[in-house]
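S.K.: Residue numbering for the sequence shown follows my numbering, beginning at 1448 and increasing consecutively. Where a beta carbon is used, it is the ideal one built from N, C-alpha and C, also for glycine.
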Amino acid sequence: MPSFTPDEQRRALLLRGGATIAALATTWHGGLAHAATTPDAAIEERADLARHFTAAGMPGTFALFDAATTKLTLVDAKRAGQRFVPASTYKIPNSLIALETGAVKNIDEVLPYGGKPQRRQEWAHDMNLRDAIRVSNLPVYQGVARRIGMARMKEWIARLHYGNEALGDVVDRFWLDGPLKISAIEQARFLARLGQRQLPLSARTQDMVHDITLIEKTPTHALHAKTGWYYKPPESLGWWVGWVTGADGNVKSFALNMDMRRDEDAPKRLTIGRALLADLGVMPDTTR
């Protein structure tokens, strides 16, 4: 087994994402060796930006990937490489796979929610993917996953190299309860590929998901994003992931996750995320 210095081990983690430092120190993979010795990506840790999480009283991490320079900027590098359940951020790959396989014809096809009472009133409606992703409609997306089926879902998650690629046996719960997990670094890298339309999917599919994830467009930038919330006491974790395309066409993808304790913490994902994007010069901060 090749021997790496601690710095090389840590660099491999940051470049690839998805493994803990301890696991990297005891596990060998050829791809990690290449990453540890390839100077094609810069890594910058911004411990100073942790002040945003500290001020909110909630531990968290942020990963920003610049597709043009391959620079990776991290707040809490160790946590950025730790995998968590993706929760509703999985609606992005779920949409991609559904559209690519034909399980859903297009983003305007009206999909059933199932007719059962829902804990959120806005979920109790049949709707298309445009509206379903906007309100994070769980029953609609669970129905989409069942249409895809476990065999096709596993095939495509492997092709997309999404997180740990572990789906278990329950096709409509694996992104809510596990075993699927993904790190902030992996989220950012996956979304950079989507932002550049470089996933192994048709241009049509990627264009449609660009459409439904767009939440803000100005003359200077387009922001695509999705929230997520994993809640399984005592653990409660919030996500905000996406990418920003600048006026020059450059894609900068990002992923934030943070501990959350109550409903009132949910908006802080976006507040902190936007503040970090502003501090890093990605886009103006409209929350200040």
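Are there 16 or more other CB atoms within 10 angstroms of the CB of residue 1649, so buried, or fewer, so exposed?
M.R.: Burial call: exposed.
S.K.: Between the Cα of residue 1600 and the Cα atoms of 1581, 1585, 1616 and 1586, which residue gives the shortest distance?
M.R.: Comparing Cα positions, the closest option is 1616.
S.K.: According to the Cβ coordinates, are residue 1693 and residue 1706 closer than 9 Å?
M.R.: Not in contact: residue 1693 and residue 1706 (Cβ atoms no closer than 9 Å).
S.K.: Am I right that residue 1588 and residue 1553 are in contact with their C-beta atoms under 8 Å? What's the rounded C-beta distance?
M.R.: Going by Cβ atoms, the distance from residue 1588 to residue 1553 rounds to 16 Å, so no, they are not a contact pair.
S.K.: Please report the Cβ distance between residue 1567 and residue 1659, rounded to the nearest whole angstrom; I am assuming they are in contact, meaning their Cβ atoms lie under 8 Å.
M.R.: Actually they do not touch by this definition, with Cβ atoms about 19 Å apart.
S.K.: Is the segment 1623-1643 touching the segment 1687-1703, taking contact as three or more C-beta pairs under 8 Å?
M.R.: Output reads yes: the segment 1687-1703 touches the segment 1623-1643.
S.K.: Using a 10 Å radius around the Cβ and a threshold of 16 neighbouring Cβ atoms, would you call residue 1523 buried or exposed?
M.R.: Buried.
S.K.: What number of angstroms, rounded off, separates the C-alpha of residue 1688 from the C-alpha of residue 1635?
M.R.: In a straight line, the C-alpha of residue 1688 is about 7 Å away from that of residue 1635.
S.K.: Classify residue 1563: buried if its beta carbon has 16 or more other beta carbons within 10 angstroms, exposed otherwise.
M.R.: The residue is exposed, with fewer than 16 neighbouring Cβ atoms inside 10 Å.
S.K.: Taking 7 Å as the limit between beta carbons, can you name the residues of its chain near residue 1557, skipping five residues before and five after?
M.R.: Excluding sequence neighbours, residue 1557 sits near 1573, 1574 and 1575.
S.K.: For a test of the three-state rule: what should DSSP assign to residue 1574, helix, strand or coil?
M.R.: Of the three classes helix, strand and coil, the one that applies to residue 1574 here is strand, per DSSP.
S.K.: Buried or exposed: residue 1559, going by 16 or more other Cβ atoms within 10 Å of its Cβ?
M.R.: Answer is exposed; the Cβ neighbour count stays below 16.
S.K.: Would you list the one or two residues that DSSP bridges to residue 1513?
M.R.: Paired residue(s): 1518 and 1699.
S.K.: Can you tell me where the beta strand (DSSP E) holding residue 1664 begins and where it ends?
M.R.: Where residue 1664 is concerned, the enclosing beta strand (DSSP E) stretches over 1661-1664.
S.K.: Rounded to whole angstroms, how far is the Cβ of residue 1544 from the Cβ of residue 1519, which I believe are closer than 8 Å?
M.R.: The Cβ separation is near 26 Å, so there is no contact.
S.K.: In terms of residue numbering, what span does the beta strand (DSSP E) encompassing residue 1678 cover?
M.R.: First-last of the beta strand (DSSP E) with residue 1678: 1668-1679.
S.K.: Evaluate residue 1681 with the Cβ neighbour count: other Cβ atoms within 10 Å of its Cβ, from every protein chain shown; 16 or more gives buried, anything less gives exposed.
M.R.: Looking at its Cβ environment, which holds fewer than 16 other Cβ atoms inside 10 Å, residue 1681 is exposed.
S.K.: Using the three-state DSSP reduction, which class does residue 1704 fall into: helix, strand or coil?
M.R.: Correct three-state label for residue 1704: strand.
S.K.: Would you report the Cα separation of residue 1651 and residue 1604, rounded to the nearest angstrom?
M.R.: Residue 1651 and residue 1604: Cα-Cα distance of roughly 19 Å.
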